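Protein chains in written order, with UniProt numbering: chain R, 1 to 254; chain B, 1 to 254.
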């Protein structure tokens, strides 16, 4: 009998930002696969089994989960944020495409979650209020030249940008290089938001001008939003500034 | 006494995709502003007041909400999806920037929600699994030439694209023009997902090749995801195909 596999987004970490749909999916599964800090967020019953793994093992984890579902398991694969944004849903699809024919018969579902850029944006106003893009800066999965090409295209076309995986131990300089590149294509005062653990008790949100942005303001759990030429900052007495991208294009920046 | 204003994302429409954080924000506010179908989703108590308005009145609505908060109100502005993505959070920020100094003293908060593209992506697999962008096709707020420039930039740089506001009564041809433009910049078999009411009982999700995509597959409530050269479709016997963008760049498309 073929089982089921649900890929669930737990949201950014604040339990109040996890949807009832995600909670229900977790409640009805029996075997849980995921990066161990995400599994640590779940309150599992004694008859629900954990299969934790390290990050950078996404494809092996997806295969293991699919093999168990193919044998009839009720399997849950968890992601932080949204599972469709640089996360496990694509890894599961890759594994299905390259795997045994039988895996195509497994009931697959994906439960969306609040992805990091939305949680970070909410903490400062509305920096994603106009056209925007999301780019993973990790060079584990694509060459740096492609990232550079996309950064330049996004800056020149007027997209706000959200960076995922901005820093990795294997390549500590990628964020510095990205910021240096953007300084050659965007005005120096464009706001840059560094958001870590948005909505959690250990949240750190910091907004600086592009000219002052540096890689040491981020770690691997930071989501970074780089404004476009049109993104604005509203200073407020005794409150943190609001950062937003106007809904309407005001011209002059392209 | 200055009051508070919270901008809340209700998610795509399925109540199980609305976060507990959003539900709590709704529960503690007293005056509700929003496009009337979004207000209709709320179960308000008798002492909670509705101030419904039509769409395309975002800025006037934001000002009215801020004026009430400035007088001590506990005000909630609601958006479908996420309030920071082509929605009310930016309208509120715009109104604050151009409004009386006192409005900068209002306690403003934004509660994120599941935005349409995440809900649609989840229903088909992981089309947003690699770098992607979100573009509003509405010409109410920006000239068509800017939209064209961004479509070309996104196609050539290899971004998957999500389109919001694809059709409007005032400009019924914008989606046709966008698809025609993309056919000149992307291969004919790139998958295009039309997602309407994702996660709701009246959900319609349809995936076609770019060469077969047409504007009559969408209405103003449809979110459209256009794959990149790398986006793949997995056919499955007796099940809808999976559409996903591999995490790793496989080369050759740029």
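Each residue gets a CB set at the ideal place from its N, CA and C atoms; glycine is no exception. Predicted model only: the values in this text are computed from it and were never measured.
Here residue 214 of chain R is exposed, its C-beta having fewer than 16 other C-beta atoms within 10 Å. Under the Cβ criterion of 8 Å, residue 146 of chain R is counted among the residues facing chain B. A direct Cα-to-Cα measurement between residue 38 of chain R and residue 10 of chain B gives close to 25 Å. By the C-beta density criterion, residue 161 of chain B is buried, having at least 16 other C-beta atoms within 10 angstroms. Listed along chain B is no residue with a C-beta nearer than 7 Å to that of residue 191 of chain R; the closest approach is about 12 Å. Taking all protein chains shown into account, residue 58 of chain B has 16 or more neighbouring C-beta atoms within 10 Å of its C-beta and is therefore buried. The DSSP-derived three-state label of residue 235 of chain R is strand.
Distance between residue 142 of chain R and residue 227 of chain B, taken at the CA atoms: about 17 Å. Residues of chain B with a Cβ closer than 8 Å to the Cβ of residue 18 of chain R are, in chain order, 19, 20. For residue 191 of chain R, the enclosing beta strand (DSSP E) stretches over residues 191 to 196. Per DSSP, the unbroken alpha helix (DSSP H) holding residue 124 of chain R starts and ends at 116 to 124. Just so you know, the alpha carbons of residue 53 of chain B and residue 104 of chain B end up roughly 24 Å apart. For the stretch 117 to 137 of chain R, the residues whose beta carbon sits under 8 Å from a beta carbon of chain B are, in order, 118, 119, 121, 122, 123, 125, 126, 127, 128, 129, 130, 131, 132, 133, 134, 135, 136. Three or more Cβ pairs drawn from the stretch 75 to 86 of chain R and the stretch 103 to 117 of chain R lie within less than 8 Å of each other, which places the two stretches in contact. Nearest CB-CB separation between residue 236 of chain B and chain R: below the 8 Å threshold. Secondary-structure assignment with DSSP links residue 35 of chain R through a beta bridge to R:53. Residue 98 of chain R is not bridged by DSSP to any residue. Residues of chain R whose Cβ lies closer than 8 Å to the Cβ of residue 218 of chain B do not exist; the shortest such Cβ separation is about 18 Å. In the DSSP annotation of this structure, the continuous segment of the beta strand (DSSP E) that includes residue 110 of chain R starts and ends at 107 to 111.
In this model, residue 209 of chain B and residue 107 of chain B are separated by some 47 Å (Cα to Cα). Neighbours of residue 115 of chain R across chain B, judged by C-beta separation under 7 Å: 118.
By the CB criterion at 8 Å, residue 93 of chain R and residue 151 of chain B fall outside the cutoff. Uninterrupted beta strand (DSSP E) stretches at least 3 residues long and entirely within the stretch 151 to 222 of chain R occur at 160 to 164, 191 to 196, 204 to 209, given in chain order. Annotation for residue 27 of chain B: the continuous alpha helix (DSSP H) segment containing it runs 20 to 28.
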